[in-house]
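One rule links them: number in my numbering = place in the sequence shown (from 1) + 1079.
For each residue, glycine too, the CB sits at the ideal point set by N, CA and C.
All remarks here apply to the structure that follows.
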Amino acid sequence: MAQFFKANKPKRRGTPSLPALTITIDALTLQGQGLCKSHVPIIIVDGALPGETVKVSVTQQKKKVWFAKVLQVLESHPQRIAAPCMFAQDHTPKQTPICGGCQLQYVEPEALLTLKETAISDYATHVLPLTELPWLKPVLSSDAYRRKARLAIDARDANNIKVGFRQAHSNNVLAIDHCLVLDPRLQPVLSYIQAHCQQWGWLSNVGHMTLFAADNETVLALNAQRHLNADALSALSELEAQLAIRVAVHQQGLVNAPKKAAKWYFLPASGQTDAGALTVPDLWLSSIDDCRYPVDLDDFVQINKKLNEQMVSAAVSSLELTATDRVLDLFCGAGNFTLPIARHAEYVLGIEGVPTMVQQAQRGAQTCGINNVEFIHADLTTSAALDKIKAANVNKLLLDPSREGANAVLECLQYSDLEKIVYVSCNPQSWVHDCALIMANGFTLEQVQSFDMFKGTTHTELLSVFIR
């Protein structure tokens, strides 16, 4: 019998070991990393700031770019500080491992916003027909701002259960009992969980937990993947009593939960789970102008309440609304901007790609007694909503897309009747490319403002205004 042999595939080689390099950082990337332009190829460095001289270890080599991490800061940026969180990068004394959140806590907050704005300006002026961006003063955030957070769980080892956040550059769970960015209502819940979780072997039946400080309830939600036993329900009932919060459990975790009625249920105070004792969470968030809207535990929410209200107020003010204005709100979500805008305009059309969010927005309008707003579901990555937009006869536009931006709908939009555009962005890179489309259709970028929505992180929230 003939035998056929295949040559073994050559093994992929790892990055050749290089001695430590000493380099000077020239700029900050849009992702918050240091950039050394003088080296060939360029080097992108985690943990480095513009103007710093650093000793680095190369972690990956590509043809046009190397990646590295800081071994030692030889000459530091004047606004480099010791990170206030003990789990963050550059905390003193140094901790290992580190948390994957708040990646840039080692920079003074106001200086960090300035560095981010410089990075955005550098990128934008290479793409747009501008020599500079018309920045307004940035809006800073306080600590303890985060009203919703997901807790990861590793309960594979019953003798070493971990609840916390993901480690930096890893899927491993870092057990954390205190977080500086959590809303004060959520901190006691996190501390309680850490104090008791080693006795909660039933956490192996829970995928993750969510902490949520709604306006009317503080909630611990357990995304249970299998039924929770009596010990679990007793422990959760005790947690509720001790902390005066509500515990919600996914329907998969409750034996008698009606499967089609709702996805989440509050536990009754007694810990009983018979169907008649279960209630569906009725949660809501408020905004400016006495607007409030219902929210489900799975919904996206703006996690920084104070800055969100400031941003909504800035957007409404920038639109310069009158009683005859007809406004289009693209990617409207649950009506975060739509409902406050409707208080000042003749009519608002909100379009959203997630059906459940449209339903939430409609409920919010009813709750607020707002009847000059219409919400429809449409895929805004296509041109399917254009007929409805044309029929609405709008003269002003607000859009707040996801990180992917709004390229598809902006390419098809009819601009001739629009007087003003307000664009809220969570991704400067897609924002710049969308700016190019808007400006190519006869608009000028009048102003842009950064909001420190996620303090100490690489993220940047922008509010920009375009006029004819």
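DSSP-derived helix/strand/coil call for residue i
i     : result
V1119 : coil
N1284 : helix
H1456 : strand
T1197 : helix
W1279 : coil
G1113 : strand
P1163 : coil
G1429 : strand
L1307 : coil
R1442 : helix
P1480 : coil
Q1140 : strand
P1507 : helix
L1269 : helix
P1373 : strand
K1241 : strand
V1152 : strand
K1134 : strand
S1365 : strand
K1384 : helix
A1340 : coil
Residues that DSSP places opposite residue i in a beta bridge
i     : result
A1327 : A1300, F1345
S1543 : Y1502, V1527
T1204 : For T1204, which the question treats as bridged, DSSP gives no partner whatsoever.
Contacting residues, own chain, Cβ-Cβ under 7 Å from residue i (five flanking each side not counted)
i     : result
M1165 : Q1174
P1213 : L1524, E1525, Q1526, V1527
C1491 : S1462, L1465
R1338 : Rather than Arg, the amino acid found at residue 1338 in this sequence is Lys. Around K1338: Q1330.
C1115 : I1102, T1103, I1104, D1105, I1121, I1122, V1124
K1469 : Q1493
Burial state of residue i, where buried means 16 or more other Cβ atoms lie within 10 Å
i     : result
E1483 : exposed
L1477 : buried
N1383 : buried
R1226 : buried
S1495 : exposed
E1540 : buried
CB contact flag (residue i, residue j, <8 Å)
i     : j     : result
A1292 : D1256 : no
P1188 : H1156 : no
V1260 : A1223 : yes
Q1139 : W1145 : yes
S1529 : P1217 : yes
V1133 : A1127 : yes
Sequence-distant residues of the same chain with beta carbon closer than 8 Å to residue i, five excluded per side
i     : result
G1286 : I1232, N1302, A1303, Q1304
H1306 : N1284, Q1331, G1332, L1333, V1334
The ligand FMN heavy atom lying under 7 Å from the CB of residue i
i     : result
Q1277 : Ligands in the displayed structure: none, and consequently the ligand FMN is not present.
Own chain partners of residue i with C-beta closer than 6 Å, once the 5 adjacent residues on each side are dropped
i     : result
N1451 : A1421, Y1426
S1397 : V1501, V1544
D1479 : F1410, V1503
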